[in-house]
Amino acid sequence: MRSTPVYAGVEAGRQAPADVRLAAQAEALVAGDAWVNLPNAISAARALSGPGVAWLILEGHNGAALGALALAGASDWADGYVAKRWGQASVVGSYLDPAADKVLIGCTVAALAWQGALPAWLAALILGRDALLVGGAFVHRYRALGWRARGWSEFFRITSARAFSVPPAPFVRPLLVSKANTVLQLGLVAGCVARSWYGWPPEQALWALGAATGVTTVASCAAYVRAYLNGTLLK
Numbered sequence: 001m002r003s004t005p006v007y008a009g010v011e012a013g014r015q016a017p018a019d020v021r022l023a024a025q026a027e028a029l030v031a032g033d034a035w036v037n038l039p040n041a042i043s044a045a046r047a048l049s050g051p052g053v054a055w056l057i058l059e060g061h062n063g064a065a066l067g068a069l070a071l072a073g074a075s076d077w078a079d080g081y082v083a084k085r086w087g088q089a090s091v092v093g094s095y096l097d098p099a100a101d102k103v104l105i106g107c108t109v110a111a112l113a114w115q116g117a118l119p120a121w122l123a124a125l126i127l128g129r130d131a132l133l134v135g136g137a138f139v140h141r142y143r144a145l146g147w148r149a150r151g152w153s154e155f156f157r158i159t160s161a162r163a164f165s166v167p168p169a170p171f172v173r174p175l176l177v178s179k180a181n182t183v184l185q186l187g188l189v190a191g192c193v194a195r196s197w198y199g200w201p202p203e204q205a206l207w208a209l210g211a212a213t214g215v216t217t218v219a220s221c222a223a224y225v226r227a228y229l230n231g232t233l234l235k
């Protein structure tokens, strides 16, 4: 989960001479437009792991599925740490990181619901919330582009040269409640897999975890809608 302070250097340089400010702005644009970097590769790998983990669950390879989930959870921390530590936060990364979480959670939740290990209503709530957020992000971007399809490079403003001909894609600011929800979702998936594997945790614990996951799923969706309407979600 990432913070996105890419343009902070530009703001700090407002009092600098014009040429220094322009250089800082150009540097920030290049950093923000980058998409081939380590944090984005980590996020992409997490997204690609989603169908594989779901297959492991469906085939009953629960030990391997738990190991893969542990690695995926670690990668969710690692991509954000690397992006912040190495100054590689990017526009694409601010979308790719949460999208990777949604692919991983969506695939595994669907697999568990198919097996009957997760209530169908909770799976529908999680998948529906993610579909709403992803759909809303695409609608917002296409609206900003005048409802014209311009290709993925302009959609995400991948190169700074094109950034000046179209409205830039804004960074997505992650919300604390959404981070908590992702942790609970991963914990719930791991708990369901563990119970199918060796009968632990107890059903009551999974019920409580599922209830907390459902509450934060609804709360995070409402928080995103509110932040968007208030103009504080995208920057």
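Just so you know, the sequence shown maps onto residues 1 to 235 in the UniProt record's numbering. Where is the CB? At the ideal position from N, CA and C, for every residue including glycine.
Given that a residue counts as buried once 16 or more other Cβ atoms are within 10 Å of its Cβ, and exposed if not, what is residue i?
{"i": "residue 129", "result": "buried"}
{"i": "residue 202", "result": "exposed"}
{"i": "residue 232", "result": "exposed"}
{"i": "residue 294", "result": "As shown, the chain starts at 1 and ends at 235. That puts residue 294 outside it, with no answer to give."}
{"i": "residue 92", "result": "buried"}
{"i": "residue 230", "result": "exposed"}
If distances are taken between C-alpha atoms only, which option among the options comes closest to residue i?
{"i": "residue 110", "options": "211, 51 and 195", "result": "51"}
{"i": "residue 192", "options": "131, 60, 101 and 223", "result": "60"}
{"i": "residue 179", "options": "206, 170 and 219", "result": "219"}
{"i": "residue 256", "options": "107, 95, 121 and 64", "result": "In this structure the chain extends from 1 to 235, so residue 256 is not present and cannot be described."}
{"i": "residue 66", "options": "199, 234 and 190", "result": "190"}
{"i": "residue 183", "options": "69, 62 and 53", "result": "69"}
{"i": "residue 119", "options": "229, 170, 230 and 209", "result": "209"}
{"i": "residue 140", "options": "40, 123, 90 and 170", "result": "170"}
What is the rounded straight-line gap between the Cα of residue i and the Cα of residue j?
{"i": "residue 57", "j": "residue 227", "result": "36 angstroms"}
{"i": "residue 138", "j": "residue 80", "result": "23 angstroms"}
{"i": "residue 222", "j": "residue 132", "result": "11 angstroms"}
{"i": "residue 175", "j": "residue 196", "result": "32 angstroms"}
{"i": "residue 9", "j": "residue 38", "result": "Bear in mind that a pLDDT of 45 at residue 9, under 50, signals an unreliable position, so the model cannot answer this."}
{"i": "residue 200", "j": "residue 55", "result": "21 angstroms"}
{"i": "residue 147", "j": "residue 97", "result": "25 angstroms"}
{"i": "residue 194", "j": "residue 62", "result": "7 angstroms"}
{"i": "residue 36", "j": "residue 90", "result": "10 angstroms"}
{"i": "residue 206", "j": "residue 188", "result": "7 angstroms"}
{"i": "residue 142", "j": "residue 198", "result": "48 angstroms"}
{"i": "residue 172", "j": "residue 181", "result": "17 angstroms"}
{"i": "residue 136", "j": "residue 144", "result": "12 angstroms"}
{"i": "residue 94", "j": "residue 53", "result": "24 angstroms"}
Assign residue i to one of three DSSP states: helix, strand, or coil.
{"i": "residue 218", "result": "helix"}
{"i": "residue 183", "result": "helix"}
{"i": "residue 230", "result": "helix"}
{"i": "residue 36", "result": "coil"}
{"i": "residue 224", "result": "helix"}
Counting only the same chain and skipping the five closest in sequence on each side, list residues whose C-beta sits under 7 angstroms from that of residue i.
{"i": "residue 46", "result": "72, 75, 76, 100 and 104"}
{"i": "residue 113", "result": "120 and 123"}
{"i": "residue 177", "result": "216, 219, 220 and 223"}
{"i": "residue 40", "result": "90, 92, 93 and 96"}
Using a Cβ-Cβ cutoff of less than 8 angstroms, which residues in the same chain neighbour residue i once the five nearest sequence positions on both sides are dropped?
{"i": "residue 125", "result": "214, 217 and 218"}
{"i": "residue 42", "result": "75, 78, 79 and 82"}
For residue i, I'd like the list of residues in its chain whose CB is within less than 6 angstroms of its CB, leaving aside the five on either flank, ordered along the chain.
{"i": "residue 115", "result": "none"}
{"i": "residue 212", "result": "184"}
{"i": "residue 234", "result": "170"}
{"i": "residue 186", "result": "73"}
{"i": "residue 64", "result": "56"}
{"i": "residue 117", "result": "192 and 196"}
{"i": "residue 225", "result": "none"}
{"i": "residue 102", "result": "130"}
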